[in-house]
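Residue numbers (mature numbering (1 follows the signal peptide of the UniProt record, and there is no 0)): -22 to -1, 1 to 262.
Cβ atoms here follow ideal geometry from the backbone N, Cα and C, with glycine treated the same way.
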C-alpha cells in the first residue's frame, strides 16, 4: 500500500490544531455575572468573604465553570475575578474587585499544573493570597479545592496560615483530596490512630498544623467507586481519610462527607455536590 506522506502530515496537523482548540475552549472561564441584590435567597447568607476555586492536576477552567455558573444563575454568588497563574508563578487578574462585593467568587487557573507537583502550587497559592490581601485588602477567604488543588491548599494553610500578611482561612472545602500518598487502596486509616506509614509532606503538615486558624471550618468530601474498590479512580480512600489527623484536633469544626458510587470528577460536576458545596459555604 502506498503511503501518502502529505495526507498523513495534514491529518497530524489537523489533530494538533483540534487538540489546541479543545484545550483553549476548556480553559475559557465562565463569564462574570453580577448579583441581583433585590432577589436574595432567604435561605443563604450573603457576605464579602471571597471564595477561591482551585482545580487539580490537568484541571482547567472547565473544572468549576458549571459550578460557578450554577451559583450565579441561582443568585447565590457572583464571580468577580479570574486569576491565571503562569508556568513560573506570575499572577494575572481579569475582572474587577468591587469595594463591597457580595459572596464574591475567584476562579484560579494554574496554566502549568501537570508536572509541577502540589508543593510548587502551594507556594504559588500562598503568593496569590499575599497579593490578594495587599491589593484588595482581603482579610479572610474561603477555598474550594479539588484533588491536588486541595493538597496544595492544605499545605498552604499548614505552612503559611499563621503569617500576618496572608488573609485568614474562614472555610475550606476539600474535594477528593489526597495526602500521605504513600498509602494505597488497601491501607486502613483510623480517626484515632496515625497511619502506620507517612510521607515527607504529610509529616510536615502534621508538624505545622498549629498554623491552621482554630476557628476555621473544614469540610472533607470524598468517596469510592464501590465498597470493593476503595478509591474514586484516582484518590484512594485512605489518602482522603488521612486528612482527619491534620484538622480534627486543630479546628473547632471538621466534618467528613463520604459518598459511594462516585468517580473523581463527580465532586465538582454532579448537581448534588454543587448543592452541598453551596450549603456548606453560605446556608444559614
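{"Item": "Please name the residue, chosen from 254, 252, 114, 179, that lies closest to residue 221 on a Cα-to-Cα basis.", "Value": "179"}
{"Item": "Could you pull out every residue in the same chain whose Cβ sits closer than 6 angstroms to the Cβ of residue 81, ignoring the five residues on either side in sequence?", "Value": "24, 55"}
{"Item": "Quick one: what does DSSP say residue 149 is sitting in, helix, strand or coil?", "Value": "strand"}
{"Item": "Just to confirm, are residue 63 and residue 70 a CB contact at a threshold of 9 angstroms?", "Value": "yes"}
{"Item": "Once the 5 residues before and after residue 196 are set aside, which same chain residues still bring their CB inside 6 angstroms of it?", "Value": "150, 225, 229, 232"}
{"Item": "Can you tell me whether residue 17 is buried or exposed? The criterion is at least 16 other CB atoms within 10 Å of its CB, across all chains shown.", "Value": "exposed"}
{"Item": "May I ask you to report which of helix, strand or coil DSSP gives residue 232?", "Value": "strand"}
{"Item": "Terminal residues of the continuous beta strand (DSSP E) containing residue 141?", "Value": "Residue 141 -> no beta strand (DSSP E), and no H or E assigned at all."}
{"Item": "Alpha carbon to alpha carbon, how far is residue 203 from residue 42?", "Value": "22 angstroms"}
{"Item": "Distance, Cα to Cα, residue 127 vs residue 14?", "Value": "31 angstroms"}
{"Item": "Write down the C-beta distance between residue 200 and residue 154 rounded to the nearest angstrom, noting that I regard them as a contact closer than 8 angstroms.", "Value": "6 angstroms"}
{"Item": "Using beta-carbon positions only, say whether residue 5 and residue 40 come within less than 9 angstroms of one another.", "Value": "yes"}
{"Item": "Residue ranges of each alpha helix (DSSP H) run of no fewer than 4 residues wholly in the segment 161 to 238, ordered along the chain?", "Value": "178 to 185, 215 to 219, 222 to 225"}
{"Item": "Mark residue 249 as exposed unless 16 or more other C-beta atoms lie within 10 angstroms of its C-beta, in which case mark it buried.", "Value": "exposed"}
{"Item": "Please determine, among 30, 172, 223, 146, the residue with the shortest C-alpha to C-alpha distance to residue 117.", "Value": "146"}
{"Item": "Checking the sheet assignment: what are the DSSP bridge partners for residue 82?", "Value": "56"}
{"Item": "What does the alpha-carbon distance come out to for the pair residue 177 and residue 156?", "Value": "12 angstroms"}
{"Item": "Is it buried or exposed, residue 207, if we count other Cβ atoms within 10 angstroms and call 16 or more buried?", "Value": "exposed"}
{"Item": "Please report the distance separating the alpha-carbon of residue 123 from that of residue 255.", "Value": "11 angstroms"}
{"Item": "I'd like the list of long-range same chain contacts for residue 191, defined as Cβ closer than 7 angstroms, with 5 residues on each side in sequence excluded.", "Value": "139, 146, 147"}
{"Item": "Assuming residue 29 is part of the beta strand (DSSP E), what are its boundary residues?", "Value": "29 to 32"}
{"Item": "Should residue 31 be labelled buried (16 or more other beta-carbon atoms within 10 Å of its own) or exposed?", "Value": "buried"}
{"Item": "I'd like to check one pair, residue 111 with residue 143: are the Cβ atoms closer than 9 angstroms?", "Value": "yes"}
{"Item": "What does a CB cutoff of less than 6 angstroms around residue 47 pick up in its chain, not counting 5 residues either side in sequence?", "Value": "8"}
{"Item": "Does the beta-carbon of residue 238 have 16 or more other beta-carbons within 10 angstroms, so that it is buried, or is it exposed?", "Value": "exposed"}
{"Item": "Could you tell me the distance, in whole angstroms, from the CA atom of residue 223 to the CA atom of residue 217?", "Value": "11 angstroms"}
{"Item": "Counting C-beta neighbours from all protein chains within 10 Å, is the total for residue 2 16 or more, i.e. buried, or is it exposed?", "Value": "Residue placement at residue 2 cannot be trusted, given a pLDDT of 48 that sits under 50; what the coordinates show is reported in the next sentence. Classification for residue 2: exposed."}
{"Item": "Rounded to a whole number of angstroms, what is the C-alpha to C-alpha distance between residue 98 and residue 107?", "Value": "14 angstroms"}
{"Item": "Skipping 5 residues on each side, what residues in its chain have a beta carbon closer than 7 angstroms to that of residue 209?", "Value": "163, 202, 203, 215"}
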